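K.L.:
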Amino acid sequence: TFLLPFKKPKEYNVWLIFTKVSQRSPLRYKFHNLLENILNISSVPLKFHIIVDNSSKQLAVGEISDVVSHSNKAIFYKFYDVEACARAISDIVDVMTPHFSSKPGTYYSDALFYISLGLYRIAPPSQRTALLLDCDLYFKKDIRLVFEEFDKFKPTALFGLAPELTPVYRHVLQTYKVKKNSTFGEYYHSKAISSNMQHPRGFQGYNSGVVLINLSAIRKSKEYSQIIRNETVQYLTSKYKFRGHLGDQDFYTLIGFEYPDLIQTINCGFNRQLCVWWREHGYRDVFDFYFKCQHPAVILHGNCNTKIPK
Ligand code: UDP
Ligand code: MN
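My numbering applies: residue 77 is where the sequence shown begins, and numbers increase by one.
1. Tell me whether Ile198, by its Cβ, gets closer than 7 Å to a heavy atom of the ligand UDP.
2. Check Thr173 in the structure and name its three-state DSSP category.
3. So Val222 packs on Tyr184, CB below 8 Å; how close in whole Å?
4. Is Lys96 near the ligand UDP - that is, is its Cβ less than 7 Å away from at least one heavy atom of it?
5. Using the C-alpha atoms, what's the distance from Arg100 back to Pro372?
6. Any heavy atom of the ligand UDP closer than 7 Å to the Cβ of Ile140?
7. Can you list, in chain order, the residues of its chain whose CB lies under 7 Å from that of Tyr190, leaving out five sequence neighbours each side?
8. Taking 7 Å as the line, does the beta carbon of Asn343 fall inside it for any heavy atom of the ligand MN?
9. What is the chain-ordered set of residues for which the beta carbon lies under 5 Å from any non-hydrogen atom of the ligand MN?
10. Can you tell me the Cα-Cα spacing of Tyr88 and Asp227, whole angstroms?
11. What does the alpha-carbon distance come out to for the pair Ala136 and Phe365?
12. Please name the residue, chosen from Cys380, Leu376 and Leu237, that lies closest to Lys217 on a Cα-to-Cα basis.
13. Report the rounded CA-to-CA distance for Ser132 versus Leu103, giving the unit in angstroms.
14. How long is the line joining the alpha carbons of Val120 and Arg220, rounded to whole angstroms?
15. Could you compute how far the alpha carbon of Leu208 sits from the alpha carbon of Leu237?
16. Considering only C-alpha positions, which residue in the set His108, His357, Thr259 and Cys161 is nearest to Asp210?
17. How would you write the range of the beta strand (DSSP E) that Gln370 sits in, first residue to last?
18. Would you tell me roughly how many angstroms separate the C-alpha atoms of Ser192 and Val287, rounded to the nearest one?
19. For Tyr359, which three-state DSSP category applies?
20. Should Glu311 be labelled buried (16 or more other beta-carbon atoms within 10 Å of its own) or exposed?
21. Use the C-beta contact count for Ala206: other C-beta atoms within 10 angstroms, 16 or more gives buried, fewer gives exposed.
22. If distances are taken between C-alpha atoms only, which option among Glu225, Asn148, Thr329 and Arg348 comes closest to Leu213?
23. Following the continuous beta strand (DSSP E) through Pro239, name the residue where it begins and the one where it ends.
24. Return the CA-CA distance between Pro174 and Thr313, expressed in angstroms with no decimal places.
25. Return the residue from the list Ala150, Glu240, Phe318 and Phe155 that minimises the CA-CA distance to Pro200.
26. How about Leu188: is its Cβ closer than 7 Å to a heavy atom in the ligand UDP?
27. Ends of the beta strand (DSSP E) at Phe314?
Below you can see the structure in the form of structure tokens.
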């Protein structure tokens with residue numbers, strides 16, 4: 077007998093976090109603009125999974141109906157309660173917060189920064205892949221292109237991330253670098269090849285405004301559950317003398333140093349950050365080396381509240 081190759085249908089899960097929103101907060105129109113933008117530009121059937129608190133949920137419902145009423149497309153969406161999500165990942169949050177949060181806040185505001193690391197517990201078990209997006213994004217090209225990056229994952233990759241485009245990790249790694257002469261935290265050189273095989277051209281760290289998550293691979297991975305344990309995080313942060321303040325992306329950056337097989341580096345065009353804060357704060361001389369992105373932009377990211385040119 078022959079077994080016909082059975083190809084699972086592609087799924088297009090988009091996860092958004094929409095919490096602590098009030099009538100007049102900028103996040104409200106960012107969310108509106110992003111939904112409208114994605115709806116216009118997507119050629120694939122999307123499912124939205126939106127993490128909300130009670131009051132933000134009402135605002136989200138309003139924005140969704142507004143976007144739908146001005147479009148000829150439907151939006152398929154489901155809400156997830158942020159407090160339930162926080163409970164599901166509380167062990168991860170407890171491990172990460174002391175190293176990667178600027179000032180520990182309330183119970184669920186800490187959890188917000190680490191959702192991507194525990195999404196495999198929050199998403200329904202049938203969900204195999206997820207794309208977690210910030211709300212301050214603008215798609216220049218079809219979101220399908222982002223999902224196609226999953227097909228290029230190396231077999232060991234659990235997450236797909238684009239580089240951080242500022243010298244923030246050069247800054248964070250200052251103490252480590254003067255002692256070790258390492259290329260970690262260095263900008264990507266087009267020619268320089270260092271002794272480090274995994275990141276031969278410097279390594280700027282990762283930005284988590286766009287996170288591709290291979291949920292089924294994470295659920296199967298024996299290594300992953302070890303890596304998010306306190307022992308590993310203690311080991312990594314002390315080895316690199318690393319004290320961050322950017323949540324999950326600090327952890328991904330450390331994983332990029334130590335366990336690069338677990339992360340697929342996607343190109344900077346998939347998360348073209350626009351924040352230039354570090355240019356004016358001590359790094360004017362090197363900023364542009366980090367900031368440059370020679371790939372065509374698929375997603376613009378108006379981080380640190382930067383206005384997105386359209
Ligand atoms: N976010 C939220 N409530 C907040 C702040 C942030 O739900 O009060 C979510 C939202 O999805 C946002 C993401 O967290 O896009 C990351 O925040 P932001 O994009 O402002 O950070 P940046 O990219 O500037 O570092
Ligand atoms: Mn952002």
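Note that CB positions come from ideal geometry on N, CA and C, so glycine has one too. Values in this document were obtained by computation on a predicted structure and should not be read as measured data.
P.N.:
This is what the structure gives:
1. no
2. helix
3. About 28 Å; that fails the 8 Å criterion.
4. yes
5. 34 Å
6. no
7. Ile165, Ile168, Val169, Met172, Gly323 and Asp324
8. no
9. Asp210, Asp212, Gly285 and Asn379
10. 13 Å
11. 38 Å
12. Leu376
13. 10 Å
14. 6 Å
15. 11 Å
16. His108
17. Counting along the chain, Gln370 falls outside any beta strand (DSSP E), and DSSP gives it neither H nor E.
18. 7 Å
19. coil
20. Just to set this straight, residue 311 is Tyr in the shown sequence, not Glu. Exposed, because fewer than 16 other Cβ atoms sit within 10 Å of the Cβ of Tyr311.
21. buried
22. Arg348
23. Phe235 to Pro239
24. 10 Å
25. Phe155
26. yes
27. First, the residue type needs correcting, since residue 314 is Ser and not Phe in the sequence shown. Segment Asn306 to Lys315 is the alpha helix (DSSP H) holding Ser314; no beta strand (DSSP E) there.
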